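S.K.:
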Amino acid sequence: MYRYETHLHSAPVSICAKTGVEAHIANYKKLGCDGIFLTNHFLDGNIACDGSLSYREKLDFYFSDFDKACELGKEAGLKVFFGVELSLLGTDFLIYGLERQWYYDNPQIMEMKKSEELPFMMNAGALVVQAHPFREAGYIDHIRLFPRCVHAVEVINSCRKEQENEMARLYADHYGLLPFAGSDNHWADRLTSFAGMEFEEPVDSEKQFAELVKSGKGRMFVINVADGDVI
Ligand SMILES: [Zn+2]
Ligand SMILES: [Zn+2]
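For the sequence shown, this note's numbering assigns the number -13 to the initial residue and increments by one for each residue that follows.
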């Protein structure tokens, strides 16, 4: 089985991330993963860039951590891919499978409401996943669900409470949405549990990953570091 972290944030691009790409790469190498998807907060979320920059300049900054991770990953022997995490007032979506150029070519996504933007991305070939849909936090006014605008639901998020993950699983099952797992790692090795997707074949591109998940060929995995269990 080939394992991939699917939900990962790095400093300095994500404001909330506590570690840079070096520490992440060392950690996932140690965990035996074949690769990682760096999914920093996109331009509509917790990105650490100057608001006065142009869309293109913001994207350049956005991809700077990814470029650095690619270089370090090559040296370390860990595959590095990217996804993006879109945000709407604390409701988040993970997007995989679109080329970097696609984001440069489509600045109009910043003006779209999520119920337009997500299907637009799906039509362009993206895999769309709602991240931690039942997350509750002081800064989230209410839970928002988009059952007709996503392919999959993050039903295992290593940083959410069991009850929130259970609700996500009920939601996914009821709507026939694919189950998806990720760590939402902002801290490199300072988690006790890691989650992601595994496949019988190695993944070599974001597009292939998106297709494999959409066709139901992905399986969720969890690594509990404390007791070494793998379920
Ligand atoms: Zn974050
Ligand atoms: Zn996240």
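Ideal Cβ positions, reconstructed from N, Cα and C, are used throughout, including at glycine. All values derive from a computational prediction rather than experimental measurement.
Using alpha carbons as the reference points, say which of His118, Pro188, Phe106 lies closest to Cys145.
M.R.: The sequence position of residue 145 within the sequence shown is 159, counting from 1. Among His118, Pro188, Phe106, the Cα nearest to that of Cys145 is on His118.
S.K.: So, using beta-carbon positions, are Phe79 and Glu71 closer together than 8 Å?
M.R.: Your numbering for residue 79 matches position 93 in the sequence shown. Your numbering for residue 71 matches position 85 in the sequence shown. Yes, the pair counts as a contact, with Cβ atoms nearer than the cut-off.
S.K.: Between the beta-carbon of Gly111 and the beta-carbon of Leu64, is there less than 8 Å?
M.R.: Here residue 111 is taken as the residue at index 125 of the sequence shown, counted from 1. Here residue 64 is taken as the residue at index 78 of the sequence shown, counted from 1. In this structure, Leu64 does not lie closer than 8 Å to Gly111 by Cβ.
S.K.: Which term fits Pro188, buried or exposed, when burial requires 16 or more other beta carbons within 10 angstroms of its beta carbon?
M.R.: Position 202 of the sequence shown, counted from the start, is the residue given in the question as residue 188. Pro188 comes out exposed.
S.K.: I need the straight-line Cα distance from Thr(-8) to Gln116, nearest angstrom please.
M.R.: Sequence index remark: in the sequence shown, residue -8 carries index 6 (1-based). Sequence index remark: in the sequence shown, residue 116 carries index 130 (1-based). Each residue's Cα considered, the two are about 12 Å apart.
S.K.: How close, in whole Å, do the beta carbons of Ala138 and Phe166 come, if the pair is a contact with beta carbons under 8 Å?
M.R.: Taking the first residue of the sequence shown as position 1, residue 138 is located at position 152. Taking the first residue of the sequence shown as position 1, residue 166 is located at position 180. Indeed they touch by this definition, with Cβ atoms about 4 Å apart.
S.K.: In whole angstroms, what separates the C-alpha of Ile217 from that of Phe207?
M.R.: By 1-based counting over the sequence shown, the position of residue 217 is 231. By 1-based counting over the sequence shown, the position of residue 207 is 221. Because Ile217 sits at a pLDDT of 46, beneath the cut-off of 50, its placement in the model cannot be relied upon, and the following sentence gives the value as read from the coordinates. C-alpha separation (whole angstroms): 6 Å.
S.K.: For ligand 1, I want to know if Asn143 counts as a neighbour, meaning its beta carbon is within less than 7 Å of at least one of the ligand's heavy atoms.
M.R.: Walking along the sequence shown from the start, residue 143 turns up at place 157. No, the Cβ of Asn143 stays beyond 7 Å of every heavy atom of ligand 1.
S.K.: Can you name the start and end residues of the beta strand (DSSP E) that Leu74 belongs to?
M.R.: Along the sequence shown, read from residue 1 onward, the residue named residue 74 stands at position 88. Element bounds for Leu74: 65 to 74.
S.K.: Who does Met183 pair with in a DSSP beta bridge?
M.R.: What you label residue 183 is simply residue 197 of the sequence shown in a count that begins at 1. Per DSSP, Tyr(-10), Met206.
S.K.: Evaluate the contact criterion for the stretch 101 to 110 versus the stretch 142 to 161: three or more CB pairs, one atom per stretch, below 8 Å.
M.R.: Result no; under three Cβ-Cβ pairs closer than 8 Å.
S.K.: Does Gly168 pass the burial test, meaning 16 or more other C-beta atoms within 10 Å, or should it be called exposed?
M.R.: Within the sequence shown, the letter at position 182 stands for residue 168. Buried is the call here.
S.K.: Note down the Cα distance separating Tyr125 from Thr77, rounded to an integer number of angstroms.
M.R.: Translated into positions along the sequence shown, residue 125 becomes position 139. Translated into positions along the sequence shown, residue 77 becomes position 91. The alpha-carbon atoms of Tyr125 and Thr77 are separated by roughly 11 Å.
S.K.: Could you tell me which residues DSSP puts in a beta bridge with Leu113?
M.R.: Stepping through the sequence shown from its first residue, residue 113 is reached at position 127. DSSP lists Tyr82 as partners of Leu113.
S.K.: Please state whether the Cβ-Cβ distance between Leu29 and Lys44 is less than 8 Å.
M.R.: Translated into the one-based positions of the sequence shown, residue 29 becomes position 43. Translated into the one-based positions of the sequence shown, residue 44 becomes position 58. Result yes, Cβ atoms of Leu29 and Lys44 sit closer than 8 Å.
S.K.: Return yes when the C-beta of Asp127 is under 7 Å from any heavy atom of ligand 2, and no when it is not.
M.R.: Position 141 of the sequence shown, counted from the first residue, corresponds to residue 127. Not so, every heavy atom of ligand 2 lies at least 7 Å from the Cβ.
S.K.: Can Arg10 be considered in contact with ligand 1, in the sense that its beta carbon sits closer than 7 Å to one or more heavy atoms?
M.R.: Counted from its first residue, the sequence shown places residue 10 at position 24. Checking the sequence, you will find His at residue 10 rather than Arg. His10: no, Cβ never under 7 Å from ligand 1.
S.K.: So, Ile81 versus Val114, is the Cβ gap smaller than 8 Å?
M.R.: Here the question's residue 81 lines up with position 95 in the sequence shown. Here the question's residue 114 lines up with position 128 in the sequence shown. Their beta carbons are under 8 Å apart, which means Ile81 touches Val114 by this criterion.
S.K.: Taking Ser191 as the reference, which of Gly69, Pro133, Ser0, Ala12 has the closest Cα?
M.R.: Within the sequence shown, the letter at position 205 stands for residue 191. The option with the nearest alpha carbon to Ser191 is Gly69.
S.K.: Decide if Tyr(-10) is buried, meaning its Cβ has at least 16 other Cβ atoms within 10 Å, or exposed.
M.R.: Residue numbering aside, residue -10 sits at position 4 when the sequence shown is read from its first letter. So Tyr(-10) counts as buried.
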